[in-house]
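In the working numbering, the protein residues as written are -6 to 624.
Just so you know, even glycine gets a beta-carbon here, dropped at the ideal spot from N, CA and C.
This report concerns only the one structure given below.
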């Protein structure tokens, strides 16, 4: 795991050592063990290394034998040992045992088609000095991030946006469409960023820069375009195959030359990963959990301890309290964009705990999106049943509800019953609907989020609404919200996170399973529960999903609300010129009547204002400023 940065020179003066050094130092937290640079007439590349495989000899940039192909790499190639054997059989000479070094040699053999051979998480940049081409790629599921910007006669790239911003001769303006998307979604999906001109390379895509300056984005992984199969598979057959694929995925992800462990929430997903780790390891798994002593309703430490005891792990816990929210400016600094998921607070804290003992953790991310683990998938079925009422009646009831109880769940459900599947997929996760955006902002909403969801849904091979909802989740929220959250918070403390559920072999198998094996008659994750049942206590596989949540109401009572009201004070809102002061004041005054949704909205506005102060204002807010001291 590392951070990468670089500049592709199309024309003009050569890239200075100062520029590439500044870019590298801006992301040094991702890889504090070593910094490697390379500069030539074609550009510059840098790597900040977190040493995991071949700690002593895996320096980057890596190259082939004749130094004609160079690469900087972030991530892990889990099948690099098999690839190395193949390359050595073709008389390639590799100088180290690192996974990075297989890439330039694999490129020599297969060109861009090398991507089909990789099992792993990755973002890399490869320079072919013979053809004067550059080749950048992001892994299939978007586990690792990669950003780029084409400015005049250069292309800048980096693992984080701050690497591009660190190039002193680059200036970018705020993208208003991105602001609208953020307020709708609470994060930014690929290819958007908050800056015009900086793009997020989508998952499963590569960027090819030719010698003449032509730039091409290439989608190298789109399994949903393949013929559908497997509709007649039984739950037992599916469960056996899932368990076999997941077990092998876990086995591969135990590859490490440094200590490793796992995040353990006590839920089905992380518990299954830990149970499989215990089967493959000769020593106890080190597990790490987060607790919320201030609010027992969201505390899962009892369940985590039960799984830890069952699997014989070496278990550690940390308690997340309201005081931890003071770190919010620092946490947002690692995203380089507003990110309104408060789960970043406990995720960062448990990452700090883990980093005291290990350098790598396995996590349960991806299972909910693949197997249908969200309660909204079940609730969406109930909403569809409302369609027995005539459409005009549903519209009238929804309109009346918005007037009488605007945030009430029944009001939203009635409104959602009039929507298409992509419309509901958006409504389930949105912070602000278009009509709410028109009220709270000074912008005229363009429906950007709705168009995005409709576009993604149009690519779905789904045969029903549930599969459409899940497809949108996998393509949008999974990579750029869930995985981004884990990447930034683990890398903030130089910890590598690995996601066994996102092995592409497992994903491709599960994608075509019939929906009855995912959500059926009010039960979520049908096949996954059956697959993990032999490994876990009944109390784990049969208990109702809780999910990681934060005690937002409790935090508010412990002083966080005071800080939020100060940051979003009418004078500050008016000076920013983006939001309507009276609308924001009204939201804060009525905050609490329907706490969950309004808390999402308040948190979204808070993170947006903090982002402007951290990244845009002439007098930047220092990232280490506690939230309680932000004026």
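- Three or more Cβ pairs closer than 8 Å define a contact, and the region 594 to 610 meets that threshold against the region 325 to 335.
- Secondary-structure assignment with DSSP links residue 489 through a beta bridge to 353.
- With 16 or more other Cβ atoms inside 10 Å of its own Cβ, residue 410 counts as buried.
- Remark: C-beta atoms of residue 486 and residue 348 approach each other more closely than 8 Å.
- DSSP places residue 141 inside the beta strand (DSSP E), whose first and last residues are 140 to 144.
- In the structure shown, the three-state DSSP call for residue 204 is coil.
- Along the region 280 to 341, the beta strand (DSSP E) occurs as fully enclosed runs of 3 or more residues at 307 to 312, listed in sequence order.
- The criterion of a C-beta distance shorter than 8 Å is not satisfied by residue 593 and residue 477.
- Look at the region 12 to 94 and you find these whole runs of beta strand (DSSP E), each 3 residues long or longer: 27 to 33, 36 to 42 and 62 to 70.
- Inter-segment contact for the region 313 to 327 and the region 335 to 350 is present: three or more beta-carbon pairs are separated by less than 8 Å.
- The C-beta distance from residue 370 to residue 459 rounds to 6 Å, short enough to meet the 8 Å contact threshold.
- Counting C-beta pairs closer than 8 Å gives three or more between the region 115 to 125 and the region 59 to 77, which meets the contact rule.
- Of all C-beta pairs linking the region 360 to 376 to the region 274 to 282, fewer than three are shorter than 8 Å, placing the two stretches out of contact.
- A contact between stretches requires three or more CB pairs, one per stretch, nearer than 8 Å, and the region 278 to 290 fails this requirement with the region 511 to 519.
- Residue environment analysis places residue 306 among the buried positions, since at least 16 neighbouring C-beta atoms fall within 10 angstroms of its C-beta.
- Assignment of residue 425 by DSSP, reduced to helix, strand and coil, places it in the coil class.
- The three-state reading of DSSP puts residue 278 in coil, since its state is none of H, G, I, E or B.
- Around the C-beta of residue 101, 16 or more other C-beta atoms lie within 10 Å, and the residue is accordingly described as buried.
- Unbroken beta strand (DSSP E) runs of no fewer than 3 residues, entirely contained in the region 106 to 138, are found at 113 to 121 and 126 to 131, following chain order.
- With respect to the 8 Å criterion, residue 591 and residue 580 are classified as neighbours on the basis of their beta carbons.
- In this structure, residue 309 lies away from residue 355, with their beta-carbon atoms at least 8 Å apart.
- By the C-beta criterion, the region 437 to 444 is judged not to be in contact with the region 485 to 503, since fewer than 3 inter-stretch pairs fall below 8 Å.
- In the structure shown, residue 155 adopts helical secondary structure according to DSSP, grouped into three states.
- Here residue 245 is not near residue 253, since their CB atoms are 8 Å or more apart.
- In the structure shown, residue 572 falls within a strand segment according to DSSP collapsed to helix, strand and coil.
- Excluding the 5 residues flanking it on each side, residue 534 has same chain C-beta neighbours closer than 8 Å at 261, 522, 525 and 526, in chain order.
- In the three-state reduction of the DSSP assignment, residue 511 falls in the coil class, being assigned neither a helical nor a strand state.
- In the assembly as shown, residue 601 is a buried residue. Its beta-carbon has 16 or more other beta-carbons within 10 Å.
- Rounded to whole angstroms, the Cβ separation of residue 479 and residue 358 is 6 Å, and the two are in contact under 8 Å.
- The secondary-structure analysis by DSSP pairs residue 516 across a beta bridge with 513.
- Under DSSP, residue 547 forms no beta bridge with any residue.
- In the three-state reduction of the DSSP assignment, residue 467 falls in the helix class.
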